[in-house]
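Each remark here refers to the structure printed beneath this line.
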Amino acid sequence: MTTKATHPQPDPPQHEGIVETRYLDLDGDGVPDALQVVEAIAVDDGADGAPVPMAGWCTTSGRKALRGITIGAIAGALVGAAVGAIAAAVWPDTSDSWWLIIAVSAFFLSGMGALLGAFFQVERHVGFSEAWTLTLQDVPDGSIWLLLFDESLPAREALEATASEEVRTAEGAP
2 MTTKATHPQP
12 DPPQHEGIVE
22 TRYLDLDGDG
32 VPDALQVVEA
42 IAVDDGADGA
52 PVPMAGWCTT
62 SGRKALRGIT
72 IGAIAGALVG
82 AAVGAIAAAV
92 WPDTSDSWWL
102 IIAVSAFFLS
112 GMGALLGAFF
122 QVERHVGFSE
132 AWTLTLQDVP
142 DGSIWLLLFD
152 ESLPAREALE
162 ATASEEVRTA
172 EGAP
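Position 3 of the sequence shown, counting from 1, maps to 4 under my numbering, and the rest follow consecutively.
Right under this line is the structure:
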């Protein structure tokens with residue numbers, strides 16, 4: 002007996018668009034996908050994608066923020082290790098000196114302050130959604146919710162030309 006492993010499907014976004022569609026990923030592998038819908042609506046309406054926001058853990062802004070945090074953490078660890086090694090090489094007999102301990106502690110605390118400041122900047126400038134908690138969790142690949150707030154015919158046609166996994170229509174929507 003063979004069983005197929007299934008991943009739990011994420012809940013739809015808590016925002017209520019006129020139409021909510023779920024895609025497995027940003028790249029539809031030959032079929033129209035979420036990014037193509039946004040581009041088609043932006044071209045037809047002359048808008049910049051504002052009526053069609055994406056929600057989900059693997060959208061572009063979430064990946065950029067996570068990549069920036071990861072690169073910053075690695076770079077900070079490397080710089081800290083290099084500064085510690087240089088300090089140990091330059092002053093080998095002063096390991097019991099109080100002024101060196103105070104200087105290293107101050108340097109460490111300033112680095113921690115910079116890191117805390119960076120986290121505050123991320124918190125203030127990265128758009129949060131109900132998918133933000135998934136950033137640090139192991140979740141199945143893909144699954145992006147595309148929310149359509151535009152009632153125009155070109156927007157609806159672009160949406161219907163896609164191979165979405167799930168479509169939900171708001172009450173009273175055409």
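Note that beta-carbon positions come from the ideal geometry of N, C-alpha and C, so glycine has one too.
DSSP three-state call for Thr170: helix, strand or coil?
strand
Going along the chain, which residues of its own chain have a beta-carbon closer than 7 angstroms to the beta-carbon of Glu158, five neighbours each way excluded?
none
Buried or exposed by the 16-neighbour rule on C-beta atoms within 10 Å, applied to Thr163
buried
Status (buried if at least 16 other CB within 10 Å, exposed otherwise) for Ser106
exposed
Quick check on Trp92: does DSSP put it in helix, strand or coil?
coil
Label Pro9 either buried or exposed according to how many other C-beta atoms from any shown protein chain fall within 10 Å of its C-beta, with 16 as the threshold for buried.
Confidence in Pro9 is poor, its pLDDT being 42 and thus under 50, which makes the residue's placement unreliable; the coordinate value appears in the next sentence. Exposed, by the Cβ-count rule.
Would you mind giving the Cβ-Cβ distance between Leu116 and Gly77, rounded to the nearest angstrom? I have them listed as a contact below 8 angstroms.
7 angstroms
Tell me the rounded alpha-carbon separation between Ser165 and Ala83.
50 angstroms
Looking at Val123: is its Cβ nearer than 7 angstroms to the Cβ of Ala66?
yes
Looking at the structure shown, is Ser98 part of a helix, part of a strand, or coil, going by DSSP?
coil
Look at the alpha carbon of Arg68 and the alpha carbon of Leu101, and state the distance between them as a whole number of angstroms.
34 angstroms
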